[in-house]
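2 protein chains.
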Amino acid sequence: MTTALIHTIADTRRAVAEARRGGSTIGFVPTMGALHAGHGALIRQAREESAFVVVSLFVNPIQFDRNDDYEQYPRTLPEDLEFCRALDADAIFAPSATEMYANPQLTFIEVSSLSERLCGEFRPGHFRGVATVLNKLFNIVQPDKAYFGEKDGQQLSIIQKMVADLNIPVTIVPVPTVREPDGLAMSSRNRRLSPEERRVAPVLYQALIEARSAVARGCAEAGAVREAALAVLRAVPQFRVEYLEIVEHATQQPVQHVCAPVRVAAAVWLGQTRLIDNVLAEPALAKQQVQYGSKT
Amino acid sequence: MTTALIHTIADTRRAVAEARRGGSTIGFVPTMGALHAGHGALIRQAREESAFVVVSLFVNPIQFDRNDDYEQYPRTLPEDLEFCRALDADAIFAPSATEMYANPQLTFIEVSSLSERLCGEFRPGHFRGVATVLNKLFNIVQPDKAYFGEKDGQQLSIIQKMVADLNIPVTIVPVPTVREPDGLAMSSRNRRLSPEERRVAPVLYQALIEARSAVARGCAEAGAVREAALAVLRAVPQFRVEYLEIVEHATQQPVQHVCAPVRVAAAVWLGQTRLIDNVLAEPALAKQQVQYGSKT
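Going down the list, the protein sequences come from chains Y and P.
Be aware that the first sequence starts at 0, since it is given in numbering that gives the first Met the number 0, and climbs by one per residue.
Be aware that the second sequence starts at 0, since it is given in numbering that gives the first Met the number 0, and climbs by one per residue.
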């Protein structure tokens with residue numbers, strides 16, 4: 000199979016329409032490029048489930064709250080193309096900013112409530128930009144399934160809510176976070192870490208694991224769980240904690256008492272680099288209930 | 000041909016998918032029911048241009064800024080079905096509010112700038128509700144073409160901008176306003192007028208015609224054009240003028256000097272009923288330029 004490199008919306012529509020006429024289902028992996036093993040898991044799963052796989056590479060200007068972050072975001076097109084070819088993607092859609100925003104963009108998608116806390120609180124306009132560009136990409140590619148990493152948990156819940164609320168005819172497939180051997184979640188931003196920062200970065204995941212263990216022992220107060228994780232983070236003086244929250248996935252609202260599965264989500268700064276991560280945490284009781292549920 | 004009456008999103012998707020498999024193009028006329036000759040023109044044009052015509056009948060709660068207006072909005076389902084059958088529509092989608100909003104709607108489409116003036120200024124949240132429900136309906140029906148009346152000129156420009164900005168794969172077809180013999184624009188709200196109100200209502204159109212005549216004489220100051228129209232409206236003491244503006248269609252922004260085609264748009268109250276209307280106005284010079292343009 001060859002992998003087509005496409006730069007325009009019109010050519011993407013043509014390629015997808017042709018595949019669909021041939022009876023193919025369309026799998027779509029939207030990315031900002033700088034591909035790593037996390038994206039690899041998304042593309043691999045799309046490849047298994049769909050006859051025609053489209054990967055988009057687009058650093059979306061309207062989701063950056065800081066211009067320097069947009070400018071410094073890693074761009075590695077030749078390596079990304081090689082990466083997609085090795086994983087047998089059928090088409091790569093790599094538009095310019097002018098192609099995606101030919102006229103001043105005045106239309107925006109707001110997913111209220113879910114967008115307000117966590118990353119939304121610290122990156123104003125970020126999720127509005129994410130929801131808007133994904134809505135555009137869904138309208139351009141018209142996939143049957145689209146693949147998103149669980150690492151961006153709040154983004155995932157917002158996209159799921161947008162798709163449900165707007166009746167978008169696509170199935171959102173969450174894919175588990177891929178980690179380095181030492182636990183650090185794969186991220187395009189990891190390459191910006193200095194060797195010393197890279198050495199301590201996995202402590203973010205260790206803190207989330209600590210919270211997960213606290214929850215696993217049974218129903219817990221969110222405050223105590225949070226404190227257990229923060230204690231781990233405090234061992235690394237280089238960390239500047241932006242947030243660490245215990246939230247319900249579907250609503251992204253913080254819980255007081257952890258008596259059902261939750262997401263423990265955090266954002267920390269290491270020097271000039273912002274890292275986010277999250278884990279699923281399930282109280283023992285909730286697990287038991289599931290087991291009991293399956294017995295009856 | 001029979002006209003299918005469908006109440007669920009799933010059945011609508013099925014009916015459209017089947018038609019598309021048969022090679023049909025899909026024409027869509029979204030309405031709030033209480034159908035009249037204006038809607039008739041939309042359905043007739045869809046019928047001429049598309050093999051499969053879907054009409055939706057849905058009084059959309061989230062676009063009403065006043066609950067009494069929502070509750071009093073005319074609902075005439077049996078007559079509407081007869082109307083669609085007579086015009087040979089293929090499917091009528093008449094969902095309940097629960098079907099369209101199964102979960103609390105947290106996702107909204109904002110078309111900024113275009114939504115802020117005219118009706119947007121006096122009906123807060125109205126166009127957000129319109130854009131959001133039409134986005135939903137487009138995702139449900141996935142039409143090739145959708146038909147909108149020019150009477151709702153600001154709505155038309157907002158939908159055109161939303162479709163362009165979000166890359167929605169649908170062609171928006173504007174259809175000229177249908178009028179009563181005395182000039183009153185067809186509207187579902189006209190049936191609320193008392194006989195005396197109905198008698199004076201056409202003066203709204205006469206005022207817009209007066210503005211059009213003022214513009215047709217050549218480049219004009221918007222203020223003078225506006226005053227010419229307002230003078231006509233003042234002859235009817237029952238009118239309470241909400242707005243009367245000279246705007247560029249694509250941006251819905253008021254112009255100072257009328258030297259290119261504009262829309263003269265107005266909203267007036269007659270008792271408890273709000274009427275809107277608009278006309279295209281072209282300065283003589285602009286017409287000449289068009290003529291010259293066609294010669295070269």
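In this text, a Cβ means the ideal position worked out from N, Cα and C, and glycines have one as well.
Where residue i meets chain P, residues with beta-carbon distance less than 7 Å
i: residue 138 of chain Y; result: 165, 166, 167, 168
i: residue 126 of chain Y; result: Simply none; closest approach about 11 Å.
Rounded separation between residue i and residue j - CA only
i: residue 137 of chain P; j: residue 164 of chain P; result: 14 Å
i: residue 289 of chain P; j: residue 121 of chain P; result: Confidence at residue 289 of chain P is low in this model, with a pLDDT of 47, below 50, so the placement of that residue should be treated as unreliable; the coordinate-derived value is given next. Each residue's alpha carbon lies about 35 Å from the other.
i: residue 232 of chain P; j: residue 219 of chain P; result: 20 Å
i: residue 93 of chain Y; j: residue 106 of chain P; result: 27 Å
i: residue 44 of chain P; j: residue 31 of chain P; result: 18 Å
i: residue 184 of chain Y; j: residue 152 of chain Y; result: 12 Å
i: residue 150 of chain P; j: residue 157 of chain P; result: 13 Å
i: residue 268 of chain Y; j: residue 241 of chain P; result: 53 Å
i: residue 123 of chain P; j: residue 39 of chain P; result: 29 Å
i: residue 161 of chain P; j: residue 215 of chain P; result: 31 Å
i: residue 201 of chain Y; j: residue 276 of chain Y; result: 10 Å
i: residue 294 of chain P; j: residue 282 of chain P; result: With a pLDDT of 36 at residue 294 of chain P, under the threshold of 50, the modelled position of that residue is not reliable, and the figure given next carries that caveat. Answer to the nearest angstrom: the Cα atoms are 19 Å apart.
i: residue 225 of chain Y; j: residue 42 of chain Y; result: 34 Å
i: residue 265 of chain Y; j: residue 76 of chain Y; result: 30 Å
i: residue 118 of chain P; j: residue 251 of chain P; result: 11 Å
i: residue 262 of chain Y; j: residue 280 of chain Y; result: 6 Å
i: residue 11 of chain P; j: residue 5 of chain P; result: 6 Å
i: residue 228 of chain Y; j: residue 113 of chain Y; result: 23 Å
Chain Y contact for residue i (CB, 8 Å cutoff)
i: residue 107 of chain P; result: yes
i: residue 252 of chain P; result: no
i: residue 160 of chain P; result: yes
i: residue 144 of chain P; result: no
i: residue 135 of chain P; result: yes
i: residue 294 of chain P; result: Because residue 294 of chain P sits at a pLDDT of 36, beneath the cut-off of 50, its placement in the model cannot be relied upon, and the following sentence gives the value as read from the coordinates. No, residue 294 of chain P does not count as interfacial toward chain Y.
i: residue 289 of chain P; result: Note that residue 289 of chain P scores 47 on pLDDT, short of 50, meaning its location in the model is unreliable; the coordinates nonetheless yield the value given after this. So no, residue 289 of chain P is outside the interface.
Partner residues on chain Y for residue i, Cβ-Cβ distance less than 9 Å
i: residue 8 of chain P; result: 166
i: residue 110 of chain P; result: 105, 106, 107
Among the options, nearest to residue i - alpha-carbon criterion
i: residue 142 of chain Y; options: Y:239, Y:50, Y:38, Y:277; result: Y:50
i: residue 96 of chain P; options: P:178, P:276, P:8; result: P:8
i: residue 249 of chain P; options: P:281, P:52, P:159; result: P:159
i: residue 205 of chain P; options: P:251, P:235, P:168; result: P:235
i: residue 54 of chain Y; options: Y:140, Y:109, Y:69; result: Y:140
i: residue 57 of chain Y; options: Y:37, Y:28, Y:87; result: Y:28
i: residue 69 of chain P; options: P:167, P:154, P:188, P:52; result: P:188
i: residue 199 of chain P; options: P:237, P:212, P:168; result: P:237
i: residue 210 of chain Y; options: Y:246, Y:171, Y:177; result: Y:246
i: residue 102 of chain Y; options: P:42, P:89, P:166; result: P:166
i: residue 116 of chain P; options: P:244, P:273, P:271, P:259; result: P:244
i: residue 132 of chain P; options: Y:154, Y:15, Y:258, Y:108; result: Y:108
Residue i at chain P interface by Cβ criterion, 8 Å
i: residue 19 of chain Y; result: no
i: residue 59 of chain Y; result: no
i: residue 4 of chain Y; result: no
i: residue 113 of chain Y; result: yes
Cβ-heavy atom distance, residue i to the ligand GTP, below 7 Å
i: residue 134 of chain P; result: The ligand GTP is not part of this structure, which contains no ligands at all.
Beta-carbon neighbours of residue i, restricted to chain P and to distances below 9 Å
i: residue 102 of chain Y; result: 160, 163, 164
**Prompt:** Does the count of Cβ pairs from the region 123–130 of chain P and the region 15–35 of chain P closer than 8 Å reach three?
**Reply:** no
**Asked** Taking one C-beta from the region 140–159 of chain P and one from the region 79–86 of chain P each time, how about it: are there three or more such pairs within less than 8 Å?
**Response** no
**Prompt:** Looking at C-beta atoms only, is the number of pairs between the region 54–64 of chain P and the region 184–199 of chain P that lie closer than 8 Å three or more?
**Reply:** no
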